[in-house]
Each structure stands twice: as structure tokens, then as C-alpha cells.
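Peer 1:
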Ligand SMILES: Nc1ncnc2c1ncn2[C@@H]1O[C@H](COP(=O)(O)OP(=O)(O)OP(=O)(O)O)[C@@H](O)[C@H]1O
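Residue numbers (the numbering used here): -9 to 379.
(1) What separation, rounded to the nearest whole angstrom, lies between the Cα atoms of residue 35 and residue 7?
(2) Whole angstroms are fine: how far does the CA of residue 199 sit from the CA of residue -1?
(3) Residue 244 and residue 17 - do their beta-carbons sit closer together than 7 Å?
(4) Whether or not the region 53 to 73 and the region 289 to 307 are in contact is what I'm after, with contact meaning three or more pairs of Cβ atoms, one per stretch, closer than 8 Å; do they touch?
(5) Measuring CA to CA, which of 359, 180 and 187 is closest to residue 196?
(6) For the region 260 to 340, list the beta strand (DSSP E) runs that are entirely contained and at least 3 residues long, ordered along the chain.
(7) Can you tell me the Cα-Cα spacing of residue 215 and residue 21, whole angstroms?
(8) Hey, is the region 347 to 360 in contact with the region 307 to 325, meaning 3+ C-beta pairs nearer than 8 Å?
(9) Provide the residue(s) that pair with residue 212 in DSSP beta bridges, ordered along the chain.
(10) Starting from residue 173, trace the beta strand (DSSP E) both ways and give me its first and last residue.
(11) Does the distance between the C-beta of residue 192 and the nearest non-hydrogen atom of ligand 1 fall short of 6 Å?
(12) State the beta-bridge partners of residue 152 as determined by DSSP.
(13) Given a cut-off of 7 Å on the beta-carbon distance, is the pair residue 373 and residue 340 in contact?
(14) With DSSP run on the structure shown, which of helix, strand or coil describes residue 68?
(15) Note down, in chain order, each residue of its chain lying with its Cβ closer than 8 Å to the Cβ of residue 136, except the 5 sequence neighbours on either side.
(16) Using the three-state DSSP reduction, which class does residue 121 fall into: helix, strand or coil?
(17) Does the beta-carbon of residue 333 have 16 or more other beta-carbons within 10 angstroms, so that it is buried, or is it exposed?
(18) Helix, strand or coil, according to DSSP, for residue 128 in the structure here?
(19) Does ligand 1 have even one heavy atom less than 6 Å from the beta-carbon of residue 174?
(20) Can you list, in chain order, the residues of its chain with a C-beta nearer than 6 Å to that of residue 107? Leave out the 5 residues immediately preceding and following it.
(21) Quick check on DSSP: helix, strand or coil for residue 232?
(22) Report whether the distance from the Cβ of residue 177 to the nearest heavy atom of ligand 1 is below 6 Å.
(23) Tell me whether residue 197 sits in a helix, a strand or coil according to DSSP, three-state version.
(24) Could you pull out every residue in the same chain whose Cβ sits closer than 6 Å to the Cβ of residue 134, ignoring the five residues on either side in sequence?
(25) May I have the straight-line CA-CA distance separating residue 113 from residue 126, to the nearest angstrom?
(26) Looking at C-alpha atoms only, which residue of 262, 109 and 160 is the closest neighbour of residue 145?
(27) One question on the structure: do residue 284 and residue 317 come within less than 7 Å of each other, judged by their Cβ atoms?
(28) Can you give me the C-alpha to C-alpha distance between residue 303 and residue 331, rounded to a whole angstrom?
(29) Which of the three DSSP states, helix, strand or coil, is assigned to residue 90?
(30) Just list the residues that DSSP pairs residue 374 with in beta bridges.
(31) Identify every residue that forms a DSSP beta bridge with residue 221.
(32) Look at the alpha carbon of residue 277 and the alpha carbon of residue 2, and state the distance between them as a whole number of angstroms.
(33) Just mark residue 370 as buried or exposed, buried being the case when its beta carbon has 16 or more other beta carbons within 10 Å.
(34) Have a look at residue 253 and residue 115 and give me their C-alpha separation to the nearest angstrom.
(35) Taking 7 Å as the cut-off, decide whether the C-beta atoms of residue 310 and residue 364 are in contact.
As C-alpha cells, then:
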């Protein structure tokens, strides 16, 4: 064990650590998405297929391995088609990163959770239908239609006036952004999964429709039932109005509208730890190699610094044999076209032999590999002035 650790600390490079970090990040994004969107059954099936593939390739089951390889391509295409909306959202999330940071700085304690909750409670009590949208990280412009800009301070009278059935702007949703009432009368996309709204009509279907397409939180007050529902992450549920302040505060805190706490890096620690663990296991399985391989290559010899029109007389060495040793992984990173013996001619004199060391002039060898042999070790060069007849 001690020997293994010693070996590991000697062989691991900065690039390997970066390798693990990048794969961990990709795995973390995939796992987070999976937790949010995919069902347990899909997860178990995928894991089962993966296990079968690993066993099949380990046992050399040719036909099964080939079927899986073709299947993977098909599955990747099907995945892109089926989850194109999620992929688009992922890209939007990346693109909106700066946007999100800016919002955090701009919006401090402007958003008044109490005013919002009091308004929602009053609307529910009075059976006045309402829709309120709280954006998170992804931009909403693509999903909203026909909103009227308001840019008003959040207050109970303003919200009650907007949703009053006699108000011309009561139809549609109010957008709460940057701690302000940003828009009223915005139309949201409808969901087609009507079963999920449990008998609700278009107001509830619209709330769910937006929550399916992006990471916004939508609050719905039912005119018919006087209930308050929350739509988020592709689902909608009726909540107890006593839970509303906490739910709203959690959302606003996480997305910066309510101040400075933000989401801490520790919140998703188990998923991050799992991603790091899986990336490290993959690195050990596929990238970490302790066996040393030797390979011999024939590389060109080039002459630098020759005065114009001077030439190297025959016999002119034009190639060298180089034996390299290192890990298989080191050889995979090797670009053979970049390797050459580049000899520099210093103080050229006509007809006088110049002795040059080849090993010192070898270029393009990655740090992961060692030169164990080079032939020839030195080259004698005789120059002549090509200008003379
Ligand atoms: N696409 C939409 N975007 C935003 N608001 C909408 C949309 N479609 C309908 N609404 C709002 O929903 C109202 C109609 O609500 P409807 O009664 O059909 O739904 P509901 O879910 O049953 O709600 P409630 O329980 O309040 O009756 C419209 O008057 C309008 O204000």
C-alpha cells in the first residue's frame, strides 16, 4: 500500500488532476440533471446496460459488444432528440451564468417576501385568480408572450390591483424580477401534461408549462378553489399557505433576489462527492498505468542557422532512431509529427567538420516520456558555400 501511494504521488501529474476535475464536473452536471429529470427505473436500466457492456467486453463477447457499440450511437441520437429541451436549457444555463451573477449584485433585499406572501394569502382568501412568476437562472424571454412592463415596487396594494377581476391587466401572469414587479399580463406556454394539474384549468396548465421549460418558480392562486399551488421543476402541487414564505424565501435566496446568501457550494455535496469518486475510479481504470512501454521511432534531422545558400555536404544524416519509454497513456498523447532532431549550426566554416550532439537537439518529446536511446548520438557536418561555382 505504501509502495502504491509512493508510486502514485510520483507519477500523478497536474494534467491528471485537471483531467479528474473536468470529468468530475461533467459527471456532476449529468448526475444533477439525472436526479431532477430521469426516473429511478431509467437509472437502474442504464446502469444494468452499462454493467452488461463492461462484462461483455471483459469476457470478449464479440457480438454483444458490437451490438452495444451500435446501440450506443442510436441511444445517443435518441437521447438528443428526446431531451433536446433539457439540452437547450443546459446551454442556456451556461450562457446565463454572467447574467445570474449580475442579478445577484443588483438585487439586494428589495424583494419583500412578506408583501408577496400577504398579497397571495389575500388573493386566495378572496378567491381571486393569480399567477406570479419568479425566474431563477435561465432567461424567460423566449417563453413569455405579450407582457406589459411595470417596473413597480412590490406592495400588497399594487399586486391586489393588478389581479383585481375588474382590472384590465388581471389576465396572465405577473413577473417578479430584480425585486420588482417587472411585468403584468404575461402569457405563459401551456403544458400538454394535463393529468399533472389534477383538474386545474388553463391557469394551472400555464404555470406547469413554464415550470417544464425552465427553472422558474410559478405561484398560482386558484379563483375556483382558493388554493395556492407552486409549479417548479416540471411539477405542480397545492401547498399550505403557511409554507409559502419559506418556499419563496428558499427560491429567492438561491437565485439572488432576496439578498446575499446565495447557494453555497456545500448544498449539493453528496452529488459532488459522488461525481469526484466516479471520475477518480474511471481515471484509475482507464488512464492510470504503471507498466512501462518502449517504442522506437525514426525522426527527421533538420539543420538550423545555415547561412543563405550554404549546404550540408554528403553524406548528410537526414534521420535518427529514437527509443522512448513511458506509460501507454504517455504514448497516446504523443504527436509523432512534432518530433525532430533540430541541429543548430553555430560558427559555420566551409570545409571544417562540425560535431553536433543529437540528444540535446531533440524536440517535441512530451514530459511523460523518456529518451532511452538515440542513434546516431552525434553527427559530423561539413558545409560548403553553395554560391561558389
Ligand atoms: N397561457 C396563459 N398564461 C397566463 N395566464 C393564463 C394563460 N391561460 C390562461 N391564463 C389565465 O387563467 C385564466 C383562466 O383560468 P382557468 O379558470 O381556465 O384556469 P384554472 O386553472 O381553472 O384556474 P382557477 O382555479 O383560478 O379557475 C385566464 O383568465 C387567464 O388570466
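Quick reminder that beta carbons are idealized off the backbone N, C-alpha and C, glycines included. On a predicted model such as this, the values are computed, not experimentally measured, just so you know.
Peer 2: Considering the structure as presented:
(1) As a first step, residue 35 is located in the chain shown; it is residue number 45 there, counting from the start. As a first step, residue 7 is located in the chain shown; it is residue number 17 there, counting from the start. If you take the alpha carbons of residue 35 and residue 7, they lie about 31 Å apart.
(2) As a first step, residue -1 is located in the chain shown; it is residue number 9 there, counting from the start. As a first step, residue 199 is located in the chain shown; it is residue number 209 there, counting from the start. Looking at the two C-alpha atoms, the distance is approximately 52 Å.
(3) Position 27 of the chain shown holds residue 17. Position 254 of the chain shown holds residue 244. The answer is no: Cβ separation not under 7 Å.
(4) no
(5) Within the chain shown, numbered from 1, the residue matching residue 196 stands at position 206. When only C-alpha atoms are compared, the closest one is 180.
(6) 283 to 294, 300 to 302, 309 to 316 and 330 to 334
(7) The residue labelled residue 215 in the question sits at position 225 within the chain shown. The residue labelled residue 21 in the question sits at position 31 within the chain shown. If I take the Cα positions, the gap works out to 38 Å.
(8) yes
(9) The residue labelled residue 212 in the question sits at position 222 within the chain shown. None; residue 212 has no bridge partner.
(10) As a working note, residue 173 is residue 183 in the chain shown. Counting along the chain, the beta strand (DSSP E) containing residue 173 begins and ends at 170 to 176.
(11) The residue given as residue 192 occupies position 202 in the chain shown. Under cutoff, so the answer is yes.
(12) Mapped onto the chain shown, residue 152 falls at position 162. In the DSSP output, where bridge partners are listed per residue, residue 152 has none listed.
(13) Indexing the chain shown from 1 puts residue 373 at position 383. Indexing the chain shown from 1 puts residue 340 at position 350. Yes, the Cβ-Cβ distance between residue 373 and residue 340 is below 7 Å.
(14) Sequence index remark: in the chain shown, residue 68 carries index 78 (1-based). Residue 68: helix per DSSP, three-state reduction.
(15) Taking the first residue of the chain shown as 1, we reach residue 136 at position 146. These residues qualify, in order along the chain: 162, 175, 176 and 177.
(16) Position 131 of the chain shown, counted from the start, is the residue given in the question as residue 121. It is a strand residue.
(17) Position 343 of the chain shown, counted from the first residue, corresponds to residue 333. Under this definition residue 333 is a buried residue.
(18) Position 138 of the chain shown, counting from 1, holds the residue named residue 128. Correct three-state label for residue 128: coil.
(19) On the chain shown, residue 174 is found 184 positions in, with the first residue counted as 1. No, Cβ of residue 174 sits at least 6 Å from all heavy atoms of ligand 1.
(20) Residue mapping note: residue 107 aligns to position 117 of the chain shown, counting from 1. Only 234 and 235 meet the Cβ criterion.
(21) For the purposes of this step, residue 232 is taken as the residue at position 242 of the chain shown. Reduced to three states, the DSSP call for residue 232 is helix.
(22) In the chain shown, residue 177 corresponds to position 187, counting from 1. Checking the Cβ of residue 177 against ligand 1 gives yes.
(23) For this step, residue 197 is matched to residue 207 along the chain shown. If DSSP states are grouped into helix, strand and coil, residue 197 belongs with the helices.
(24) Locating residue 134 in the chain shown gives position 144, where the first residue counts as 1. These residues qualify, in order along the chain: 176.
(25) The residue you call residue 113 lines up with position 123 of the chain shown. The residue you call residue 126 lines up with position 136 of the chain shown. Near 24 Å, if we compare the C-alpha coordinates of residue 126 and residue 113.
(26) For this step, residue 145 is matched to residue 155 along the chain shown. Nearest option by C-alpha distance: 109.
(27) Here residue 284 refers to the residue found at position 294 of the chain shown. Here residue 317 refers to the residue found at position 327 of the chain shown. No; because the gap between Cβ atoms is not below 7 Å, this pair is not in contact.
(28) On the chain shown, position 313 is the one that residue 303 refers to. On the chain shown, position 341 is the one that residue 331 refers to. Rounded to the nearest angstrom, the two C-alpha atoms are 18 Å apart.
(29) Here residue 90 is taken as the residue at index 100 of the chain shown, counted from 1. Caution is warranted here: a pLDDT of 49 is assigned to residue 90, below 50, making its placement in the model unreliable, and no coordinate value can be reported.
(30) By one-based count along the chain shown, residue 374 stands at place 384. Bridge partners of residue 374: 301.
(31) As a working mapping, residue 221 is identified with position 231 in the chain shown. In DSSP, residue 221 forms a bridge with 208 and 226.
(32) Start at 1 with the first residue of the chain shown, and residue 277 comes out as number 287. Start at 1 with the first residue of the chain shown, and residue 2 comes out as number 12. Looking at the two C-alpha atoms, the distance is approximately 11 Å.
(33) Counting from 1 along the chain shown, the entry for residue 370 is found at position 380. So residue 370 ends up on the exposed side.
(34) For the purposes of this step, residue 253 is taken as the residue at position 263 of the chain shown. For the purposes of this step, residue 115 is taken as the residue at position 125 of the chain shown. Because the pLDDT of residue 253 is 43, which lies under 50, any placement of that residue in the model is unreliable, and the number read from its coordinates should be weighed accordingly. In a straight line, the C-alpha of residue 253 is about 33 Å away from that of residue 115.
(35) Indexing the chain shown from 1 puts residue 310 at position 320. Indexing the chain shown from 1 puts residue 364 at position 374. Contact flag set, yes.
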